[in-house]
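Novice: Got a structure here, written out as structure tokens. Questions coming.
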Amino acid sequence: SAGCACGSCRGPTVGRSQRAKLSLRMQEVGDERIFGEASKLSADSATYCQSLEDLFPGAVAEEKFIENMSRVVMEVGFNPKTAINLVSTCRDEICRPFTEKLDSLWGESFNIASLGG
């Protein structure tokens, strides 16, 4: 075979249109995998919800928690203009949406979470 343009590898060449087709096929395979995993998760949502309730009885959605917490602290005089949004959650990315929601209501937070233990 002719090899690539530089001639050093002597391996088979893949033209631009072939690369595009390969790239599209790889994307399709990735999409299929993602959609398959999402389908499994959505099919098992009842089990997830039951496990959550079993392990953490009375757990509430973060939106509901933020709403209730805001109401309680505002009733005793705290508000976004005069209070600092102090947060101590895990620094893991799974907590970022929660912190971002707090920040959107209470202003930028002061994070007191530690990096380890």
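Residue numbers 52 to 168, in the numbering used here, belong to the letters of the sequence shown in order.
We put the beta carbon where it would ideally sit given N, CA and C, even for glycine.
Output needed for E113: all residues of its chain with C-beta closer than 6 angstroms, excluding positions within five of it in sequence on either side, in chain order.
Specialist: For the purposes of this step, residue 113 is taken as residue 62 along the sequence shown, with counting starting at 1. Once the five neighbours on either side are set aside, the close Cβ partners of E113 are F149.
Novice: Taking C-alpha atoms, which residue in E104, W157, L103, V123 lies nearest to K132?
Specialist: Position 81 of the sequence shown, counted from the start, is the residue given in the question as residue 132. Of the candidates E104, W157, L103, V123, the one whose C-alpha sits nearest the C-alpha of K132 is W157.
Novice: Measuring only the C-alpha atoms, how far is Y99 from D105?
Specialist: As a working note, residue 99 is residue 48 in the sequence shown. As a working note, residue 105 is residue 54 in the sequence shown. Answer to the nearest angstrom: the Cα atoms are 10 angstroms apart.
Novice: Whole angstroms is fine: what's the gap from T111's alpha carbon to E83's?
Specialist: Here the question's residue 111 lines up with position 60 in the sequence shown. Here the question's residue 83 lines up with position 32 in the sequence shown. A small correction: the amino acid at residue 111 is Val; Thr does not occupy that position in the sequence shown. Going from the Cα of V111 to the Cα of E83 covers about 33 angstroms.
Novice: Shorter than 8 angstroms from the beta carbon of C146 to some beta carbon of chain B?
Specialist: Absent here is chain B; the protein component of the structure consists of one chain.
Novice: On the three-state DSSP scale, how would you describe N162?
Specialist: Here residue 162 is taken as the residue at index 111 of the sequence shown, counted from 1. In this structure, N162 counts as strand in the three-state DSSP scheme.
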